[in-house]
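J.: Sharing a structure below in structure tokens format, with a few things to ask.
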Amino acid sequence: MRLNKWSRRLLIGVLAFVLSLATSVVASANDPGYQLHTFTNPDERGLAARVIRLQHAGAQNGTLISTFEHWIPNGFPTVPYLIKRSVDDGATWSTIATLEDGETGAGRPWPVKWTPTLLELPAAAGGFPAGTLLMVGLVWNPFSGQAELQLWRSTNQGVNWTYGGVIQSGGKFYEPFLYIDGAGRVVVVFADERQHPTFNQKVVQITSADGGTTWSPVQNVLANGNGVDRPGMAVVTKLPDNTYRMVFEVCGVGTPGCQVRIKQSADGANWGSPTDYGTRPEADGRFLTSGPYVTWAPGDTPAGQLIVSGAGTWRTVDNQIFGPENYQTLFVSYDLGATWHRMPTPFRPAGNYPEKGPCAEPDGTNWSGTLLPSADGSSIRWMTSGPRAGSIQCNAWTQAANVGTIPRSDTFASGNGPGWINYGGAWGVSSGAYRETSGGGSGTKSLTGSTGWTNYTVAADVTQSSSGGDAGVLFRVTNPNIGTDAHRGYYAGIGVGGTLFIGKQDYNYSTLGAVPVTGGVTTGTAYRVTVTAKGSQLTATVRPAGASTPVTTLTVNDSSFLTGQVGIRNLDTAAAFDNFTVDAIAAPNLPASATFGTDEAGWIPYGGAWQVAGGTYQQTSTASEAKSLIGRATWSNYTTRADVSIGGSTGDAGVLFRASNPGVGTDKLRGYYAGISTGGNLFIGKQNQNYTTLGITPISGGVTANSFYRVSLGGSGSSLTATVTPPGGGAALAALTVTDATFTAGLAGVRTFDDSAQFDNVSIT
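Residue numbers for the sequence shown, in mature numbering (1 follows the signal peptide of the UniProt record, and there is no 0): -29 to -1, 1 to 736.
Written out as structure tokens, the structure is:
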């Protein structure tokens, strides 16, 4: 639980500094980032950085504008807000303006400049053109306790500013954030203590329909009159479906750490009951605490990526800080917040851990960070606070990297490893490789990527220092910790006895398969270890790095883990890793077809026993359900067709349409299925982690085992049509049309239930 902010932020934090010196350093290969601004005065503080990318500035679109909280302990001398600009997407920064207290008179300027927020007007408002920049900052007098929210405007991309006046006064409010609601109004949401003690703290908002000239009365957004709860630090983003998400911290709700929560609004103005704190995002057995930020970025699915940050990472099982990931964890959702996954930040601020580091500021390291995705969502810029050399004060740090999108590659040529989190060992980047030098006695590992990644190919050049251990790549990893086999996921490596192996780890270890490596394994030699994870099919290969042959291949089937991060691991040997890559399983564009002449390229199986033989795609088990998928999550209006032959007399088989969220097991899917049954029927069903029949009709002449029938399912909008014809074409043996609007887009596929089956001549158009 946080203290009253006024008294808390007056503390010099000497005790915190002394305690931090006594903590041990946890090695981390994650990049330390770089400073947004270089201070000449060691007493200056820079925290709570904010950054925007200009989108309504004509030729200057893409320019980054940033600012940050700026002050000196004890209030002397006064310092202004600094406006920073980058014209190379954050690689370099220059100061283009300074903003001092806009008021005049006795006792002015007030010396402390806290928590600024920036906004670019997307459309003209109140006589101000589109592209006008607004900045609101909290200007404070530490001697009288008075504070004001002051507003400034710029009509030339931040070079010159005009003071717009005081929009809130009277003290004890904090952390303003600017955004545009669904009606096009400017909104400032901020934390407010002015009704203390009835409300220990609440989140409120004011709105302006004229570009910030006039403002509405204060409205409660998050408020509980129990005198205990402290919601605050609210940040809002707009999603592509035109709804809004707000993240905020809540202190005093029964768990430590000021947990991060999220709430949604249809219009960005109405947030429901102020006593409703929404939900707490949880991912991989963790939750975030303090100083959150939220943003949306494009991604591989129509929903894109909803990304949330927090200062700390805690375990849900015991409400304890989780050290390896603390100060370097983001949450990401690929379904607009329905489910959450975990990925690393682009950098971890330097300092001693797990304490807050040697910043005298009690809020300290990683407080109130900011996220800015690249235009295509492939990388993300992280700005946050951290210690700096020669001072006990925090400064604003920044770095951008790809930490959670595929494709991903690391050559480690620049001497750092952004987006990697290590678990045990002594990791570092040197001589163009990522090295673990302790010897891997506890199965040390380093991980990157998203716990929501599903099907991909991961590869690395692996060099072992001794012959008594093993090293390789990790994939589909979740719930990691420090220790031998301390995670859930798979490990493909080379090692003792010159073998290539795939193992399963679930806080223990079991070998799924192993084969001798052609030519053996030599210490000091780099080998290219590659793994492709497609549904329940896992294939590993190894060859000398830089050579095309000889190649050793191992394929196993296991469905224990279907999603997770990637990484590298060594056991009982030091090792070096280089040329690390993660690539997506190649997905076709529409139209697509498959005749299965040699392989099942692009198909991803879930359960069953799949193979290509005799020119057909065969599922040879009688599993309760087996399926294989292909395509893109964005496919919407199309038709899946396939020649289908049921192998027995007890089940059904057919084609899938608009499929998503696949898993292994009966009805582990969201989407539509059109099948033929040995009972002689054509049917359309809906699977949503359960099964509902939407329609059924008899097939003329029935269904004969081991005979092919041409089955199709497709549609436009909510109208779905299935047909059965002879495999070479001809009159329909059955046709069925139903209406359902549950699923609008997804993959194509084939499926069996309680029987074996063969598929051929698949077309998706």
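The beta carbon of each residue, even a glycine, is placed where N, CA and C say it ideally should be.
Small disclaimer: the values here were computed from a predicted structure and weren't measured.
1. Nearest-angstrom Cα distance between A584 and S481?
2. So A20 is in the beta strand (DSSP E); what residue range does that whole segment cover?
3. Should Y643 go down as buried or exposed, given a rule of 16 or more other Cβ atoms within 10 Å for buried?
4. Is A705 helix, strand or coil by DSSP?
5. Per DSSP, what kind of secondary structure is A719 in: helix, strand or coil?
6. Please report the straight-line C-alpha distance between S(-10) and Y498, rounded to a whole angstrom.
7. Tell me, to the nearest whole angstrom, how far the beta carbon of V157 is from that of A96; I am working on the premise that it is less than 8 Å.
8. For my contact list, G720 and A630 are in at a C-beta cut-off of 8 Å; report their separation, rounded to the angstrom.
9. Kindly indicate the opening and closing residues of the beta strand (DSSP E) around I667.
10. If you run the structure through DSSP and keep just helix, strand and coil, what is E296?
11. If the criterion is Cβ atoms closer than 9 Å, does the pair I36 and G135 meet it?
12. What is the rounded straight-line gap between the Cα of V107 and the Cα of T287?
13. Tell me whether G443 sits in a helix, a strand or coil according to DSSP, three-state version.
14. Would a C-beta distance cut-off of 9 Å place L89 and Y145 closer than the cut-off?
15. Determine the contact status of G411 and T544, defining contact as a CB-CB distance below 9 Å.
16. Which residue wins for smallest C-alpha separation from P202, given the options C229, G484, L600, L92?
17. By Cβ distance, which residues of its chain are closer than 8 Å to A(-8), with the 5 residues on each side in sequence left out?
18. With DSSP collapsed to three states, give me the class of G141.
19. By the three-class DSSP mapping on this structure, what secondary structure does A30 have?
20. Counting Cβ pairs closer than 8 Å, one from the segment 301 to 312 and one from the segment 249 to 265, do we hit at least three?
21. What does the alpha-carbon distance come out to for the pair E91 and I151?
22. On the CB-based measure, 16 or more other CB atoms within 10 Å of its CB, does N12 come out buried or exposed?
23. For N373, which residues from the same chain have a beta carbon less than 6 Å from its beta carbon, with the 5 sequence-adjacent residues on both sides left out?
24. DSSP three-state call for G61: helix, strand or coil?
25. Pick helix, strand or coil for P44, following the three-state DSSP scheme.
26. Do V160 and V192 have their beta-carbon atoms positioned less than 9 Å apart in this structure?
27. Comparing C-alpha positions only, which one of V488, V500, M204 sits nearest to V467?
28. Can you give the Cα-Cα distance for S(-6) and N297, rounded to whole angstroms?
29. Mark N608 as exposed unless 16 or more other C-beta atoms lie within 10 angstroms of its C-beta, in which case mark it buried.
30. What does the alpha-carbon distance come out to for the pair L718 and S620?
31. Any idea if L(-27) is buried or exposed, counting beta-carbon neighbours within 10 angstroms, 16 or more meaning buried?
32. Going along the chain, which unbroken runs of the beta strand (DSSP E) with 3 or more residues stay wholly within the segment 50 to 97?
33. Pick out the complete alpha helix (DSSP H) segments inside the segment 115 to 194, 4 residues or longer, and give them in chain order.
34. Skipping 5 residues on each side, what residues in its chain have a beta carbon closer than 7 Å to that of residue 742?
35. Just grab the DSSP bridge partners of C365 for me.
36. Reducing DSSP to helix, strand and coil, say where L(-9) ends up.
T.: Looking at the coordinates:
1. Locating residue 584 in the sequence shown gives position 613, where the first residue counts as 1. Locating residue 481 in the sequence shown gives position 510, where the first residue counts as 1. Rounded to whole angstroms, A584 to S481 spans 30 Å at the Cα level.
2. Translated into positions along the sequence shown, residue 20 becomes position 49. Unbroken beta strand (DSSP E) run through A20: 16 to 24.
3. Here residue 643 corresponds to residue number 672 of the sequence shown, with the count starting at 1. Answer is buried; the Cβ neighbour count reaches 16.
4. Locating residue 705 in the sequence shown gives position 734, counting from the first residue. Here A705 sits in strand by DSSP.
5. Here residue 719 corresponds to residue number 748 of the sequence shown, with the count starting at 1. Looking at A719 - three-state DSSP - the assignment turns out to be strand.
6. Here residue -10 is taken as the residue at index 20 of the sequence shown, counted from 1. Here residue 498 is taken as the residue at index 527 of the sequence shown, counted from 1. Note that S(-10) has pLDDT 32, beneath the 50 cutoff, so the model's placement of it is unreliable and no number is given.
7. Taking the first residue of the sequence shown as 1, we reach residue 157 at position 186. Taking the first residue of the sequence shown as 1, we reach residue 96 at position 125. About 7 Å; that satisfies the 8 Å criterion.
8. In the sequence shown, the residue the question calls residue 720 occupies position 749. In the sequence shown, the residue the question calls residue 630 occupies position 659. At roughly 5 Å, the Cβ-Cβ gap stays under 8 Å, so G720 and A630 are in contact.
9. Translated into positions along the sequence shown, residue 667 becomes position 696. Counting along the chain, the beta strand (DSSP E) containing I667 begins and ends at 662 to 669.
10. As a position in the sequence shown, residue 296 is number 325, starting the count at 1. Taken through DSSP and simplified to helix, strand or coil, E296 comes out as helix.
11. Here residue 36 refers to the residue found at position 65 when the sequence shown is read from its first residue. Here residue 135 refers to the residue found at position 164 when the sequence shown is read from its first residue. Not closer than 9 Å, so no.
12. Within the sequence shown, numbered from 1, the residue matching residue 107 stands at position 136. Within the sequence shown, numbered from 1, the residue matching residue 287 stands at position 316. Rounded to the nearest angstrom, the two C-alpha atoms are 36 Å apart.
13. Walking along the sequence shown from the start, residue 443 turns up at place 472. Looking at G443 - three-state DSSP - the assignment turns out to be strand.
14. As a first step, residue 89 must be located in the sequence shown, where it is residue number 118. As a first step, residue 145 must be located in the sequence shown, where it is residue number 174. Not closer than 9 Å, so no.
15. Here residue 411 refers to the residue found at position 440 of the sequence shown. Here residue 544 refers to the residue found at position 573 of the sequence shown. Yes. Within cutoff.
16. Locating residue 202 in the sequence shown gives position 231, where the first residue counts as 1. The shortest C-alpha separation from P202 is found at C229.
17. Taking the sequence shown and counting its residues from 1, one reaches residue -8 at position 22. Because the pLDDT at A(-8) is just 29, under 50, the model does not fix this residue reliably, and the value given afterwards should be weighed accordingly. Same-chain partners within the cutoff: there are none.
18. Your numbering for residue 141 matches position 170 in the sequence shown. For G141, the secondary structure class from DSSP, reduced to helix, strand or coil, is coil.
19. Here residue 30 is taken as the residue at index 59 of the sequence shown, counted from 1. Correct three-state label for A30: helix.
20. Touching, per the Cβ criterion.
21. Numbered from 1 along the sequence shown, position 120 holds the residue referred to as residue 91. Numbered from 1 along the sequence shown, position 180 holds the residue referred to as residue 151. Straight-line spacing of the CA atoms in E91 and I151 works out to 9 Å.
22. Numbered from 1 along the sequence shown, position 41 holds the residue referred to as residue 12. Its Cβ having fewer than 16 others within 10 Å, N12 is exposed.
23. Along the sequence shown, one-based indexing puts residue 373 at 402. Setting aside the 5 residues that flank it on each side, N373 is surrounded in the same chain by S349, S350, R379, each with a C-beta closer than 6 Å to its C-beta; the list follows chain order.
24. Against the sequence shown, residue 61 aligns to sequence position 90. Reduced to three states, the DSSP call for G61 is coil.
25. Here residue 44 is taken as the residue at index 73 of the sequence shown, counted from 1. It is helical.
26. One-based indexing of the sequence shown puts residue 192 at position 221. One-based indexing of the sequence shown puts residue 160 at position 189. In this structure, V160 lies closer than 9 Å to V192 by Cβ.
27. One-based indexing of the sequence shown puts residue 467 at position 496. Minimum Cα distance to V467 is reached at V488.
28. Translated into the one-based positions of the sequence shown, residue -6 becomes position 24. Translated into the one-based positions of the sequence shown, residue 297 becomes position 326. For S(-6), the predicted structure reports a pLDDT of 30, less than 50, and the residue's modelled location is therefore unreliable. A value from the coordinates is still provided. Cα-Cα distance, rounded: 14 Å.
29. Taking the first residue of the sequence shown as 1, we reach residue 608 at position 637. By the Cβ neighbour-count rule, N608 is exposed, with fewer than 16 other Cβ atoms within 10 Å of its own.
30. Residue numbering aside, residue 718 sits at position 747 when the sequence shown is read from its first letter. Residue numbering aside, residue 620 sits at position 649 when the sequence shown is read from its first letter. Rounded to whole angstroms, L718 to S620 spans 28 Å at the Cα level.
31. Here residue -27 corresponds to residue number 3 of the sequence shown, with the count starting at 1. Confidence in L(-27) is poor, its pLDDT being 40 and thus under 50, which makes the residue's placement unreliable; the coordinate value appears in the next sentence. L(-27) should be labelled exposed.
32. Taking 3 residues as the shortest admissible run, the segment 50 to 97 contains the following complete beta strand (DSSP E) segments, listed from N- to C-terminal end: 52 to 57, 65 to 70, 83 to 91.
33. none
34. Since the first and last residues shown for the chain are -29 and 736, residue 742 lies out of range.
35. Residue mapping note: residue 365 aligns to position 394 of the sequence shown, counting from 1. The partner list for C365 (beta bridge, DSSP) reads P358.
36. Taking the sequence shown and counting its residues from 1, one reaches residue -9 at position 21. Because the pLDDT of L(-9) is 28, which lies under 50, any placement of that residue in the model is unreliable, and the question is left without a value.
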